[in-house]
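Numbering (UniProt numbering), first residue to last: 1 to 303.
Cβ coordinates follow ideal geometry from the N, Cα and C atoms, glycine included.
None of the values given here were measured: they were computed from a predicted structure.
Here the structure is laid out as structure tokens; the discussion comes afterwards.
Here it is as structure tokens:
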């Protein structure tokens with residue numbers, strides 16, 4: 001029997017995010033009670049009616065401050081930390097320290113709550129590498145994005161593509177914050193189990209877009225449907241995973257007692273926008289404005 005069985009209370013930090021909202025649904029469907037953190041209960045009040053009586057909201061204004069999670073952690077058995085400052089302004093060097101602090105403050109607070117038995121933090125492929133379309137690469141659970149880390153030791157000098165440097169900054173923030181979390185766990189040896197989930201691009205369902213619009217990678221699909229020609233360049237061809245599978249892996253990481261101190265990497269398959277567009281046009285005839293896309297490479301076959 002799992003030490004975090006159905007029926008207990010799970011905290012999902014950043015519950016109004018794209019992947020997190022799917023995780024809320026997955027946990028509820030499997031019999032868990034869920035407490036979600038958001039920056040504004042007023043702006044996200046719809047979630048309580050949408051998810052039902054086993055879901056509650058708590059407000060955390062700034063996840064990067066000490067004590068931010070104290071109230072939210074009361075009485076929970078498991079914690080899934082999916083919240084992050086997604087400001088990818090290349091000048092926002094503070095996002096790295098903010099992301100590190102968010103992880104550490106959550107771990108420190110969770111260690112003081114006797115009921116907490118398991119903690120999972122959401123990372124990203126960007127913590128391992130920033131893939132370039134057409135260039136094969138290999139990663140595993142020991143791979144870290146040292147290139148992004150080194151490039152962000154100093155603030156951006158303004159040269160190069162600002163969008164790309166924002167992505168590099170995101171990769172550095174994810175890598176360093178995940179490393180800091182594992183270091184903290186190794187040094188402090190808390191009573192709870194600890195794992196991270198490291199997905200690549202998430203595609204699939206979106207929870208209630210009429211209430212919270214399309215977010216993250218779902219927003220790119222929405223932009224493609226609306227005909228924005230530059231949208232595919234935001235997420236060039238690489239590996240993807242079904243967002244439900246990512247949510248399920250968080251559930252497994254939190255509840256399987258024999259999974260501890262692991263980096264779990266969910267990857268479903270390769271994609272290219274030529275195929276994505278073909279699927280969209282076939283499934284939603286007459287509703288997709290973007291007709292075609294120019295791609296320098298559509299796949300990076302294994303060597």
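8 Å contact criterion, which residue i and residue j should meet: CB distance rounded
i: residue 37; j: residue 83; result: 7 Å
i: residue 274; j: residue 293; result: 6 Å
i: residue 60; j: residue 202; result: Wrong, their Cβ atoms sit about 23 Å apart, outside the cutoff.
i: residue 286; j: residue 242; result: About 26 Å; that fails the 8 Å criterion.
i: residue 39; j: residue 56; result: With a Cβ gap of about 16 Å, residue 39 and residue 56 do not count as contacting.
i: residue 257; j: residue 2; result: 6 Å
i: residue 21; j: residue 13; result: No, residue 21 and residue 13 are not in contact; Cβ-Cβ is about 12 Å, not under 8 Å.
Neighbourhood of residue i by C-beta distance below 7 Å, restricted to the same chain and skipping five residues each side
i: residue 75; result: 9 and 115
i: residue 171; result: 126, 127, 130, 145 and 148
i: residue 198; result: 123, 124, 125, 127, 128, 263, 264 and 265
i: residue 295; result: 237, 272, 273 and 274
Per DSSP, the bridge partner or partners of residue i
i: residue 37; result: 13 and 58
i: residue 264; result: 197
i: residue 80; result: 12 and 120
i: residue 242; result: 203
i: residue 7; result: The partner list for residue 7 (beta bridge, DSSP) is empty, contrary to what the question assumes.
i: residue 270; result: 239
Residue interval of the alpha helix (DSSP H) (run including residue i)
i: residue 174; result: 162-188
i: residue 102; result: 94-111
i: residue 232; result: 231-234
i: residue 51; result: 46-51
i: residue 26; result: 18-29
i: residue 277; result: 273-283
i: residue 129; result: Run containing residue 129: none; DSSP gives neither H nor E here.
i: residue 225; result: 216-225
i: residue 149; result: 146-151
Own chain, CB closer than 6 Å to residue i, minus 5 neighbours either side, in chain order
i: residue 125; result: 200
i: residue 43; result: none
i: residue 85; result: 95 and 98
i: residue 168; result: 148 and 151
i: residue 141; result: 263
i: residue 78; result: 4, 10, 118 and 254
Range of the contiguous beta strand (DSSP E) that encloses residue i
i: residue 121; result: 118-122
Same chain, Cβ closer than 8 Å to residue i, five either side skipped, listed in chain order
i: residue 303; result: Bear in mind that a pLDDT of 37 at residue 303, under 50, signals an unreliable position, so the number given afterwards is only what the model happens to contain. Taken in chain order, the residues that qualify are 136.
Residue i beta carbon near the ligand SAM (any heavy atom closer than 7 Å)
i: residue 116; result: What this structure holds is no ligand at all, so the ligand SAM is not there to describe.
Touch test, the stretch 108-118 against the stretch 141-159, Cβ-Cβ under 8 Å, three pairs minimum: Cβ pair count under 8 Å is below three, so no.
Is it a yes or a no for the stretch 90-103 touching the stretch 44-53, going by three-plus beta-carbon pairs under 8 Å? no
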